[in-house]
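Working notes for the structure below.
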Amino acid sequence: MEKYNSAHPLDYLEKPPKKEKWKKEYKTQLKQYWHESLKKEAEEKSSLVYLSMENIKPGKPHPVWENAKRNPQESMKAAVKVKVMTGTYRLQTDKAKHSGGRISDKCKLCKQQKEDVKHFILDCENLQNQRSYYLQKIRTILQEGPNSSMIQHLFDNQRILLQMCIDCSHPEVATLIGADIQQIEMVTRALVYALHRERTALMPG
Ligand SMILES: [Zn+2]
Numbered sequence: 001m002e003k004y005n006s007a008h009p010l011d012y013l014e015k016p017p018k019k020e021k022w023k024k025e026y027k028t029q030l031k032q033y034w035h036e037s038l039k040k041e042a043e044e045k046s047s048l049v050y051l052s053m054e055n056i057k058p059g060k061p062h063p064v065w066e067n068a069k070r071n072p073q074e075s076m077k078a079a080v081k082v083k084v085m086t087g088t089y090r091l092q093t094d095k096a097k098h099s100g101g102r103i104s105d106k107c108k109l110c111k112q113q114k115e116d117v118k119h120f121i122l123d124c125e126n127l128q129n130q131r132s133y134y135l136q137k138i139r140t141i142l143q144e145g146p147n148s149s150m151i152q153h154l155f156d157n158q159r160i161l162l163q164m165c166i167d168c169s170h171p172e173v174a175t176l177i178g179a180d181i182q183q184i185e186m187v188t189r190a191l192v193y194a195l196h197r198e199r200t201a202l203m204p205g
């Protein structure tokens, strides 16, 4: 009870609350505690920089899993997106980092730049066809939304654009797009999955 910032057990013994009330209070305190500690722990991890902790709520799935329930195709796509979100999708820079200088961080598709998450999602020219197709779809959705005047700002700012592609539930992106988050989540999920498929297909050896 001390851990969850609850009242002192002796106080409860002296003045027992109604069962339902106590259950409700305790549940809220418990959720709050775990949300705060998860958030705190995540803030210290550089791999989680694109994961919006605002939407990590104990007992509730992250928006990335919405619409993916009971749909094997969507679950498969969501699983890839979650890897990118949590920094566990292995790119050349990750492989190089752990290789002690034996592996190059250069992108194996274009052989031009180092392959980090920004290169993979926004820059690699070998994945441009897939990328353009889905980004255009997003543009169309946003044009019909309430914040259509912000689209150019969103597409001009690489940092925000990348954040939208990885986790559009991030407050900075969510307030900017103003549209249905779930719809954007679905399209960015398809985008990331298409990039993943294309990257795997084009990968030499
Ligand atoms: Zn590349």
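For the sequence shown, full-length UniProt numbering begins at 1 and goes up steadily by one.
The beta carbon of each residue, even a glycine, is placed where N, CA and C say it ideally should be.
The model shown is predicted, which means the values in this text are computed figures rather than measured ones.
Does DSSP put residue i in a helix, in a strand, or in coil?
i: K114; result: strand
i: K24; result: helix
i: H8; result: coil
i: V192; result: helix
i: T175; result: helix
i: N126; result: helix
i: M203; result: coil
i: I56; result: coil
i: H170; result: coil
i: S132; result: helix
i: R139; result: helix
Are there any heavy atoms of ligand 1 lying less than 8 Å away from the beta-carbon of residue i, as far as the coordinates show?
i: Q130; result: no
i: C110; result: yes
i: residue 233; result: No statement about residue 233 is possible, as the shown extent of the chain runs from 1 to 205 and does not include it.
i: L195; result: no
i: C124; result: yes
i: L162; result: no
i: Q113; result: yes
i: C168; result: no
i: H119; result: yes
Rounding to the nearest angstrom, what Cα-Cα distance links residue i and residue j in this structure?
i: H98; j: S46; result: 16 Å
i: L176; j: Q29; result: 32 Å
i: N147; j: Q182; result: 16 Å
i: Q152; j: F120; result: 22 Å
i: Y50; j: M85; result: 6 Å
i: E172; j: I160; result: 8 Å
i: L162; j: K118; result: 7 Å
i: N157; j: M164; result: 11 Å
i: L127; j: D116; result: 14 Å
i: P16; j: P9; result: 10 Å
i: H170; j: N55; result: 8 Å
i: R70; j: G101; result: 43 Å
i: K114; j: Y33; result: 40 Å
i: G59; j: A68; result: 17 Å
i: G205; j: R199; result: 12 Å
i: H196; j: K137; result: 18 Å
Across which residues does DSSP place residue i in a beta bridge pair?
i: K3; result: In DSSP, K3 forms no bridge with anything.
i: residue 209; result: Residue 209 is absent from the structure shown; the chain starts at 1 and stops at 205.
Quick check on the burial criterion: 16 or more other C-beta atoms within 10 angstroms. Buried or exposed for residue i?
i: E20; result: exposed
i: S75; result: exposed
i: P63; result: buried
i: Q130; result: buried
i: R189; result: buried
i: D11; result: exposed
i: R90; result: exposed
i: L202; result: exposed
i: S132; result: exposed
i: K39; result: exposed
So that I know if they touch, is there some Cβ in chain B lying closer than 9 Å to that of residue i?
i: D116; result: Considering every chain present, this structure includes no chain B. It has just one protein chain.
Beta carbon of residue i: closer than 8 Å to some heavy atom of ligand 3?
i: L127; result: Annotation note on ligand 3: not contained in the displayed structure, which lists ligand 1 as its ligands.
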